[in-house]
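**Student:** One structure, pasted below without further comment.
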Amino acid sequence: MARQILCNLIIPEVTDEGTKLVHLRSSPNFIVSLMPKGIRISFPRNPDRSIWSWYSADLATTDSALYHITIKLPQGFTADHHELTAKDSELLSGLDGEMSEYRLVELRIPPASNTTIIGFGLPFHGANATVDDWVNKHTPIAGVTPLPEILQKQKFTLLVKASKDDLANMIERMNDRHQPSDYGYGTDHRWNWERYNTQIPKLRGMLFRETIRFKDQNERDTAWTQIHVQDVWDFHHDLEHVNNQNRHWRAVHRALKGSFTKLQVEFLPNGSRRRVVWDASPVIYGDSELPKNIDSYDRIPLILLRRDTGAGHDFSPIAHEKYEGVNKELERDSVQLICESNAYGEELRVRAVNRLSDPKVWPDTMRQDSLASSKKAIFNELLIGHGLWDLYRSGANVDMTPFDLFKDVPAEIRDSCLGFVFEGDRGKVQQYFSKLHFGLGIVSGPPGTGKSTLASAITVLMCLNQTIKHVYVSAASNEASDNILDRIDALAKSAIKKLTDDGVSVNHLMVVRGYRFKDEQDKCLRALAGLRFKPGSRSSSAWRFDNSLCWWMLRASCT
Numbered sequence: 001m002a003r004q005i006l007c008n009l010i011i012p013e014v015t016d017e018g019t020k021l022v023h024l025r026s027s028p029n030f031i032v033s034l035m036p037k038g039i040r041i042s043f044p045r046n047p048d049r050s051i052w053s054w055y056s057a058d059l060a061t062t063d064s065a066l067y068h069i070t071i072k073l074p075q076g077f078t079a080d081h082h083e084l085t086a087k088d089s090e091l092l093s094g095l096d097g098e099m100s101e102y103r104l105v106e107l108r109i110p111p112a113s114n115t116t117i118i119g120f121g122l123p124f125h126g127a128n129a130t131v132d133d134w135v136n137k138h139t140p141i142a143g144v145t146p147l148p149e150i151l152q153k154q155k156f157t158l159l160v161k162a163s164k165d166d167l168a169n170m171i172e173r174m175n176d177r178h179q180p181s182d183y184g185y186g187t188d189h190r191w192n193w194e195r196y197n198t199q200i201p202k203l204r205g206m207l208f209r210e211t212i213r214f215k216d217q218n219e220r221d222t223a224w225t226q227i228h229v230q231d232v233w234d235f236h237h238d239l240e241h242v243n244n245q246n247r248h249w250r251a252v253h254r255a256l257k258g259s260f261t262k263l264q265v266e267f268l269p270n271g272s273r274r275r276v277v278w279d280a281s282p283v284i285y286g287d288s289e290l291p292k293n294i295d296s297y298d299r300i301p302l303i304l305l306r307r308d309t310g311a312g313h314d315f316s317p318i319a320h321e322k323y324e325g326v327n328k329e330l331e332r333d334s335v336q337l338i339c340e341s342n343a344y345g346e347e348l349r350v351r352a353v354n355r356l357s358d359p360k361v362w363p364d365t366m367r368q369d370s371l372a373s374s375k376k377a378i379f380n381e382l383l384i385g386h387g388l389w390d391l392y393r394s395g396a397n398v399d400m401t402p403f404d405l406f407k408d409v410p411a412e413i414r415d416s417c418l419g420f421v422f423e424g425d426r427g428k429v430q431q432y433f434s435k436l437h438f439g440l441g442i443v444s445g446p447p448g449t450g451k452s453t454l455a456s457a458i459t460v461l462m463c464l465n466q467t468i469k470h471v472y473v474s475a476a477s478n479e480a481s482d483n484i485l486d487r488i489d490a491l492a493k494s495a496i497k498k499l500t501d502d503g504v505s506v507n508h509l510m511v512v513r514g515y516r517f518k519d520e521q522d523k524c525l526r527a528l529a530g531l532r533f534k535p536g537s538r539s540s541s542a543w544r545f546d547n548s549l550c551w552w553m554l555r556a557s558c559t
């Protein structure tokens with residue numbers, strides 16, 4: 001059974017003599033196919049694979065030689081096909097084969113329905129200038145009609161070289177294709193733990209495919225919020241089932257290693273003291289502060305954090321061996337772990353997903369860009385996965401001039417920053433980042449291939465560009481943010497030192513890590529009052545003075 005049937009497109013053209021059928025033939029530059037999903041139009045990509053590579057939608061990341069736009073037909077479409085008549089014989093001019101080998105197919109969309117266009121508006125570099133203009137400039141394809149005119153049709157006429165049975169099977173498959181159901185989570189995606197306790201056990205399903213396209217904006221927001229919420233819910237659920245009879249060490253370790261759980265240790269009261277509660281921090285794997293030769297099998301190593309003042313400040317959980325009765329069972333040995341869900345980080349991620357659909361532009365400095373709203377709308381649509389057809393039809397501006405990252409950057413600054421990139425990649429980096437579609441760039445590769453170094457070099461280059469006022473860098477976790485900050489800071493110092501040694505006038509960079517404003521405010525007030533900073537809570541991503549907003553504010557106020 002054929003997966004697709006090659007077609008020629010028949011375009012009705014109104015003339016003074018009446019309606020004329022114009023034959024738009026499939027060719028190496030323009031391919032029309034009938035598929036179970038609908039009609040697919042394909043154009044050849046630039047064969048230069050060293051740059052502008054585009055990968056197929058699979059996990060093998062195989063090169064895609066063709067750019068596909070799919071016209072997905074709605075439920076309820078009608079299809080008719082018949083042999084060519086003598087009147088239709090003019091359509092066979094220049095085609096191979098007999099008239100009996102061809103059939104004419106008509107596909108009609110119901111008046112109240114619309115097709116779904118997948119792939120329109122995505123970055124494309126044509127195999128030649130003609131194809132590039134057809135897709136990117138919407139010049140008439142083969143001099144007949146532009147691409148948008150084809151995509152918005154409600155009726156399609158196709159000339160197909162196929163048997164009656166093959167066509168009937170294809171149309172049957174088009175009608176029988178699976179229609180995914182709604183997730184069932186509704187349209188409210190705000191953080192609500194009570195709602196999650198009902199939804200997650202009831203609606204949990206299979207993992208999302210990596211190549212999934214969401215039906216609409218709500219489906220995307222549903223999927224992305226639940227990805228974060230279900231992890232937190234699982235950790236919370238696992239902790240509730242830890243008890244003295246059953247060991248759930250794997251669940252506990254998973255919960256305590258991340259930033260999901262706030263932990264306290266309670267020392268139970270006795271006749272000589274009150275109840276004492278200290279904060280505690282689990283020792284993560286590979287932590288240098290873990291005492292040597294400690295047996296951590298079936299144990300959770302904790303670091304206890306003494307309170308600065310108040311109850312429990314003077315308490316010592318250690319009993320010296322020479323104290324009377326120390327070898328007997330002491331009440332002091334009885335402690336209780338208090339674990340509570342600390343899902344603040346995931347709650348922030350859920351809020352960020354909800355902000356995707358908000359027309360407001362973040363951060364505030366981006367509002368100076370007249371195209372900021374259009375860029376956000378484009379990014380929003382790209383994350384749904386269908387392309388930009390809906391935006392284009394609504395009249396939004398989707399024709400963005402590619403962004404040149406190296407524009408207005410002096411050659412000596414450009415060369416200094418790119419000097420940190422692998423020598424074999426420098427030419428590709430310069431060519432790729434000089435033509436970023438929608439201002440978006442994607443770099444992928446296995447560990448050790450220079451992704452972080454490249455990101456740091458590009459960040460420093462943007463900071464040294466006088467036309468760019470602020471550069472924001474984010475990462476997947478607090479630890480990852482610390483790592484990229486250190487890389488950027490080190491590379492910036494090296495690049496600026498080299499430039500100043502060569503006599504180039506450049507400013508030193510202000511690299512600021514984003515911490516909670518309350519923490520920054522507290523540190524600033526203590527510094528202004530002449531008090532020492534409180535030691536930050538033990539964390540794999542603790543507050544650091546030298547990269548904090550507090551440091552830069554104090555420095556600015558003293559100069």
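Residue numbers for the sequence shown follow full-length UniProt numbering, beginning at 1 and rising by one. Just so you know, even glycine gets a beta-carbon here, dropped at the ideal spot from N, CA and C. The model shown is predicted, which means the values in this text are computed figures rather than measured ones.
(1) Relative to the alpha-carbon of F406, which residue among G419, S434, H386 and E381 has its alpha-carbon at the smallest distance?
(2) From what residue to what residue does the alpha helix (DSSP H) around N483 run?
(3) Answer yes if the region 376–389 comes into contact with the region 405–425, meaning at least three C-beta pairs across the two stretches below 8 Å, and no otherwise.
(4) Is I468 helix, strand or coil when you go by DSSP?
(5) Would you give the residue range spanned by the alpha helix (DSSP H) that T15 belongs to?
(6) For the ligand PLP, is there a heavy atom less than 8 Å away from the beta-carbon of C558?
(7) Given L127, which residues of its chain have a CB within under 7 Å of its CB, disregarding the five upstream and five downstream residues?
(8) Thinking C-beta only, is T225 closer than 9 Å to V353?
(9) Cα-Cα, which of K497, I150, R516 and F517 is closest to L509?
(10) Excluding five sequence neighbours on each side, which residues of the same chain lie with their C-beta closer than 6 Å to the C-beta of L158?
(11) In this structure, does DSSP put L549 in helix, strand or coil?
(12) Tell me whether the beta-carbon of P36 lies closer than 9 Å to the beta-carbon of V22.
(13) Less than 8 Å between C-beta atoms, sequence neighbours within five positions excluded: which residues of the same chain meet that for N547?
(14) Please classify C558 as buried or exposed, where buried requires at least 16 neighbouring CB atoms within 10 angstroms.
(15) How many angstroms separate the CA atom of N114 from the CA atom of F156?
(16) Can you give me the start and stop residues for the alpha helix (DSSP H) that F433 sits inside?
(17) Just how far apart, CA to CA, sit I117 and V144?
(18) Cα-Cα, which of W278, P447 and P317 is closest to T309?
(19) Check for me: the alpha helix (DSSP H) holding E98 runs from which residue to which?
(20) Applying the criterion that 16 or more other CB atoms from any shown protein chain within 10 Å of the CB defines a buried residue, is W191 buried or exposed?
(21) Assign A86 to buried or exposed, taking buried as 16 or more other Cβ atoms, counted over all protein chains shown, within 10 Å of its Cβ.
(22) Do M400 and G439 have their C-beta atoms closer together than 9 Å?
(23) To the nearest angstrom, report how far apart T139 and D188 are at their CA atoms.
(24) Closest to N397 by C-alpha separation, out of L388, S33 and A129, would be which residue?
(25) Tell me where the alpha helix (DSSP H) around M35 begins and ends.
(26) Considering only the alpha carbon of each residue, which of R349, L302, Q4 and Q179 lies closest to N169?
(27) Which residues in the same chain have their Cβ closer than 6 Å to the Cβ of H81, if we skip the five residues on either side of it in sequence?
(28) Along the chain, where does the beta strand (DSSP E) that runs through A311 open and close?
(29) Quick check on A79: does DSSP put it in helix, strand or coil?
(30) Just how far apart, CA to CA, sit F422 and G450?
(31) For M206, is the classification buried or exposed, using 16 other Cβ atoms within 10 angstroms of its Cβ as the cut-off for buried?
(32) Here's a check: name, in chain order, each residue in its chain whose Cβ is nearer than 7 Å to the Cβ of K376, leaving out the five neighbours to either side.
(33) Let me know if H236 comes out buried or exposed under the rule of 16 or more other beta-carbons within 10 Å of its beta-carbon.
(34) L107 and L73: beta carbons closer than 9 Å?
(35) How close, in whole Å, do the beta carbons of K518 and C550 come, if the pair is a contact with beta carbons under 8 Å?
(36) In whole angstroms, what separates the C-alpha of M553 from that of Q521?
**Tutor:** According to the structure shown:
(1) Indexing the sequence shown from 1 puts residue 406 at position 406. With distances taken between Cα atoms, F406 lies closest to S434.
(2) What you label residue 483 is simply residue 483 of the sequence shown in a count that begins at 1. Start and end: N478 to D501.
(3) no
(4) Position 468 of the sequence shown holds residue 468. If DSSP states are grouped into helix, strand and coil, I468 belongs with coil.
(5) Position 15 of the sequence shown holds residue 15. Careful: T15 lies outside any alpha helix (DSSP H), inside the beta strand (DSSP E) at I5 to T15.
(6) Among the ligands in the structure shown, none appear at all, so the ligand PLP cannot be discussed.
(7) As a position in the sequence shown, residue 127 is number 127, starting the count at 1. Going by the sequence as given, residue 127 is Ala instead of Leu. Excluding sequence neighbours, A127 sits near P44, R45, N46 and P47.
(8) Position 353 of the sequence shown, counted from the start, is the residue given in the question as residue 353. Position 225 of the sequence shown, counted from the start, is the residue given in the question as residue 225. Yes, Cβ-Cβ distance for V353 and T225 is below 9 Å.
(9) As a working mapping, residue 509 is identified with position 509 in the sequence shown. It is K497 whose Cα lies nearest to the Cα of L509.
(10) What you label residue 158 is simply residue 158 of the sequence shown in a count that begins at 1. Closer than 6 Å at Cβ, skipping near neighbours: C7 and V105.
(11) Stepping through the sequence shown from its first residue, residue 549 is reached at position 549. In the displayed model, L549 falls within a helix according to three-state DSSP.
(12) Residue 36 sits at position 36 when you count from the first residue of the sequence shown. Residue 22 sits at position 22 when you count from the first residue of the sequence shown. Going by C-beta atoms, P36 is not nearer than 9 Å to V22.
(13) In the sequence shown, the residue the question calls residue 547 occupies position 547. Excluding positions up to five away in sequence, the list reads L485, D489, V511, V512 and R513.
(14) Here the question's residue 558 lines up with position 558 in the sequence shown. Looking at its Cβ environment, which holds fewer than 16 other Cβ atoms inside 10 Å, C558 is exposed.
(15) Taking the sequence shown and counting its residues from 1, one reaches residue 114 at position 114. Taking the sequence shown and counting its residues from 1, one reaches residue 156 at position 156. Approximately 13 Å between the Cα atoms of the pair.
(16) As a working mapping, residue 433 is identified with position 433 in the sequence shown. F433 -> alpha helix (DSSP H) spans R426 to F433.
(17) Residue mapping note: residue 117 aligns to position 117 of the sequence shown, counting from 1. Residue mapping note: residue 144 aligns to position 144 of the sequence shown, counting from 1. Their Cα atoms are separated by approximately 21 Å.
(18) Reading the sequence shown from its first residue, position 309 is the one you call residue 309. Considering only alpha carbons, the answer is W278.
(19) Numbered from 1 along the sequence shown, position 98 holds the residue referred to as residue 98. First-last for E98: undefined, no H or E at that position.
(20) By 1-based counting over the sequence shown, the position of residue 191 is 191. W191 should be labelled buried.
(21) Sequence index remark: in the sequence shown, residue 86 carries index 86 (1-based). That one is exposed.
(22) Translated into positions along the sequence shown, residue 400 becomes position 400. Translated into positions along the sequence shown, residue 439 becomes position 439. Against a cut-off of 9 Å, the Cβ pair of G439 and M400 comes out as a contact.
(23) Mapped onto the sequence shown, residue 139 falls at position 139. Mapped onto the sequence shown, residue 188 falls at position 188. Near 43 Å, if we compare the C-alpha coordinates of D188 and T139.
(24) The sequence position of residue 397 within the sequence shown is 397, counting from 1. Considering only alpha carbons, the answer is L388.
(25) Counting from one through the sequence shown, the residue named residue 35 turns up at place 35. No alpha helix (DSSP H) contains M35, which is instead part of the beta strand (DSSP E) from I31 to M35.
(26) For the purposes of this step, residue 169 is taken as the residue at position 169 of the sequence shown. The candidate whose alpha carbon is nearest that of N169 is Q4.
(27) Translated into the one-based positions of the sequence shown, residue 81 becomes position 81. Cβ within range, chain order: R103, V105 and L167.
(28) The residue given as residue 311 occupies position 311 in the sequence shown. Careful: A311 lies outside any beta strand (DSSP E) and carries neither H nor E.
(29) Looking up residue 79 in the sequence shown gives position 79. Strand at A79.
(30) As a first step, residue 422 must be located in the sequence shown, where it is residue number 422. As a first step, residue 450 must be located in the sequence shown, where it is residue number 450. Between F422 and G450, the C-alpha separation is close to 7 Å.
(31) For the purposes of this step, residue 206 is taken as the residue at position 206 of the sequence shown. Exposed is the label assigned to M206, since fewer than 16 other Cβ atoms lie within 10 Å of its Cβ.
(32) If you number the sequence shown from 1, residue 376 lands on position 376. Counting only Cβ-Cβ distances below 7 Å, and skipping sequence neighbours, we find V361.
(33) One-based indexing of the sequence shown puts residue 236 at position 236. With 16 or more Cβ atoms within 10 Å of its Cβ, H236 is classed as buried.
(34) In the sequence shown, counting from the first residue as 1, residue 107 sits at position 107. In the sequence shown, counting from the first residue as 1, residue 73 sits at position 73. Yes, the Cβ-Cβ distance between L107 and L73 is below 9 Å.
(35) The residue you call residue 518 lines up with position 518 of the sequence shown. The residue you call residue 550 lines up with position 550 of the sequence shown. The pair is not a contact, with the Cβ atoms about 12 Å apart (cut-off 8 Å).
(36) Here residue 553 refers to the residue found at position 553 of the sequence shown. Here residue 521 refers to the residue found at position 521 of the sequence shown. Cα to Cα, the separation comes out at about 10 Å.
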